[in-house]
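**Student:**
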Amino acid sequence: MSMIEKNIFRPLPSYKKIELEAMDGAENLEQMDKSWSTLIIVYEILIHIIKHPAITESILKGFITESYIQNLLDLFESDNLEERDYLKQIIHKLYAKVIKRRKTFRKLFNNHFLSLVYEKPTLNGANEILDIYSSIISGFAVPLRTEHIDFFKYFLTPLLKAHTCSEFYEELLRC
379 MSMIEKNIFR
389 PLPSYKKIEL
399 EAMDGAENLE
409 QMDKSWSTLI
419 IVYEILIHII
429 KHPAITESIL
439 KGFITESYIQ
449 NLLDLFESDN
459 LEERDYLKQI
469 IHKLYAKVIK
479 RRKTFRKLFN
489 NHFLSLVYEK
499 PTLNGANEIL
509 DIYSSIISGF
519 AVPLRTEHID
529 FFKYFLTPLL
539 KAHTCSEFYE
549 ELLRC
């Protein structure tokens, strides 16, 4: 797990909007982020570790701390759509497997939503985080717990006020 952390938790490359618009495909993004070909392998290894039947929740719980989850969520700031897709898969699988960390996941998701509404004008990973949350919401039991009602009231509904709401409106509707 240490090898994975050292590879994926890194300063993200900074691209200017003009550079991103000039790129015509994934190979150009790979040229701009020279480490991407290695990162794909590392992300695949992490997915295989999470999915492996011998890796239990108790084993993962020791590695998947609040700071680890926060670092994963911070990577959603990446301009690389492929990377955000890998992160979405990983976080979804971790959420499903590490039940004792679900509350931490939800708390950190909520912090990202509040940041989008009140602090940052944009958040690259808003679509992906909302996709994950729509899967989580589909698993809520009826009647809803107070925690889930509060989530809709205090975290999801304020997203409608975000200046960039149109960028993730479809995902927001699914929630």
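Using the working numbering, you'd call the opening residue of the sequence shown number 379 and step up by one each time.
Cβ coordinates follow ideal geometry from the N, Cα and C atoms, glycine included.
If you're wondering where the values come from, they're calculated on a predicted model, not measured in any experiment.
In the structure shown, what three-state DSSP assignment does Arg388 receive?
**Tutor:** Here Arg388 sits in coil by DSSP.
**Student:** Could you tell me whether the region 457-477 touches the region 521-528, using the rule of 3 or more Cβ pairs below 8 Å?
**Tutor:** Too few Cβ pairs lie closer than 8 Å, so no.
**Student:** Give me the Cα-Cα distance between Leu494 and Met381, rounded to the nearest whole angstrom.
**Tutor:** One C-alpha to the other measures close to 31 Å.
**Student:** Which residues bound the alpha helix (DSSP H) around Cys553?
**Tutor:** Careful: Cys553 lies outside any alpha helix (DSSP H) and carries neither H nor E.
**Student:** Measuring straight from C-alpha to C-alpha, what distance separates Ile447 and Phe483?
**Tutor:** The alpha-carbon atoms of Ile447 and Phe483 are separated by roughly 7 Å.
**Student:** Going straight from the alpha carbon of Leu551 to that of Ile468, what length do you get?
**Tutor:** Taking the straight line from one Cα to the other gives about 23 Å.
**Student:** Among residues of its own chain, excluding the 5 on either side of Glu435, which ones have a beta-carbon nearer than 8 Å to its beta-carbon?
**Tutor:** Closer than 8 Å at Cβ, skipping near neighbours: Lys475, Val476, Ile477 and Lys478.
**Student:** Would the beta-carbon of Ser456 fall within 9 Å of that of Gly503?
**Tutor:** Yes, the Cβ-Cβ distance between Ser456 and Gly503 is below 9 Å.
**Student:** Tell me whether Thr524 sits in a helix, a strand or coil according to DSSP, three-state version.
**Tutor:** Thr524 falls in the helix class under three-state DSSP.
**Student:** Identify which residue in His470, Phe533 and Lys485 has its Cα closest to the Cα of Glu506.
**Tutor:** If we check each option's Cα against that of Glu506, His470 comes out closest.
**Student:** Less than 9 Å between the C-beta atoms of Ser512 and Glu461, yes or no?
**Tutor:** No; because the gap between Cβ atoms is not below 9 Å, this pair is not in contact.
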